[in-house]
Amino acid sequence: MATLLSSQCFLKFFLLISVFNLSTAARRLNELVQDQTQLLHYHNGPLLYGKIAVNLIWYGHFKPSQKAIITDFVTSLSSPASQNNQPSVATWWKTTEKYYHLSSKKAAPLFLSPGDQILDESYSLGKSLTSKHLVELASKGGQSNAINVVLTSADVVVEGFCMSRCGTHGSSSSSSVGHVKDGKNYKFAYIWVGNSETQCPGQCAWPFHQPIYGPQSPPLIAPNNDVGLDGMVINLASLLAGTATNPFGNGYFQGPAEAPLEAASACPGVYGKGAYPGYAGDLLVDSTTGASYNVNGANGRKYLVPALYDPSTSSCSTPVLPRIRNTCRVHGFVTPTRLPTTHCGLIVNLLGTTI
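1062 is the number of the first residue of the sequence shown in the working numbering; add one for each residue after it.
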């Protein structure tokens, strides 16, 4: 009986390694014929400079643990990380600085920090929101030197959510929302991100949930054990990069202004080196939880953040990870080829054992 079980495991193991080798070969072929990403064009508009507060407007019900995931991420953007805690959220964010060097010789840095937190747990505008409602909610935050981030809970339906977007960013002015103070009309940037946990995790929380379309690879384990919130972090990270480099619709982007490709959206589905459709790329794996991530954050957090378009290399840049191990050990067998740790984790999931 033991011999039969061992033989079955070895057969599964052999087939799995064969699949990985074939997918690697296919990926290399695709890389050879893929066109280099075009440079995002600068449209001569202002970027965000100096100290900017990120104000969080929580709409609906969020647990304290869920709020902490987001606030720790925002804190991580400008928090210096130790050499032993790399790659970090802060080093990932530094790619956005390259846009500033291109647009201005001054190259004044952008420093993001946590701002105010506003709670709307009573669903003051109902549980079905329009784009106009989002601007109204965003206007509750400070409108000078700020990015106002509206975060909607899993039970809130938003216009276009899951159908065409997982979040958005834009700008408005104090006068347009009726919040002019001391005769000053400020133009402010805002972001909206929704919790897709119960509505469309396959669309807005991939790779922590199986995708709706495309290759159906097993989902990765979310680093903060919350598929909805870890998905929100990915979308927030993408939109923060877009807001910093194209805050008012005339910064860095490619294509039509109404549906632009920006710093992060120009690199869809890429989180690590070697990414291809259905595969997020080579990632780090937490040895205790099995969760996948690519950056470290404040308070011991781990996050998955998207690739950013690097204007200096005209390519998608991902966090630089430590060298991955060469082999996986499963049921006493050792892989004959070099595999990323995410593939090791997949082997474990399929064979139902531990490495």
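Even for Gly, the Cβ is constructed at its ideal location relative to N, Cα and C.
Computed from a predicted model, the values in this text were never measured in an experiment.
Residues bridged to I1113 [DSSP beta-bridge criterion]: L1173
Within 8 Å, strictly: CB atoms of A1129 and L1138: no
Any C-beta of chain B under 8 Å from that of V1288: Looking at the structure shown, chain B is missing, and only one protein chain is on hand.
Residue of V1219, H1104, D1133, G1231 minimising C-alpha distance to D1291: D1133
Closest Cα partner of A1302 within the set G1231, Y1354, K1363, N1256: G1231
For D1216, the three-state DSSP class (helix, strand or coil): coil
Residue from E1158, N1296, S1233, C1265 whose Cα sits closest to the Cα of Q1204: S1233
Collapsed DSSP secondary structure at Q1099 in the structure displayed: The pLDDT assigned to Q1099 is 49, lower than 50, so where the model puts this residue is not dependable, and the model offers no usable value.
Between the CA atoms of Y1110 and W1267 - distance to the nearest angstrom: 32 Å
Secondary structure of L1090, DSSP reduced to three states: Interpretation of L1090 is limited by its pLDDT of 29, a score under 50 that renders its predicted location unreliable; the figure taken from the coordinates is listed afterwards. L1090: helix per DSSP, three-state reduction.
S1353 beta carbon less than 8 Å from that of L1365: yes
Per DSSP, cross-strand counterpart(s) of R1226: F1222
Secondary structure of A1129, DSSP reduced to three states: helix
C-beta atoms of A1114 and N1206 nearer than 8 Å: yes
Buried versus exposed, by CB contacts within 10 Å (16 or more), E1323: buried
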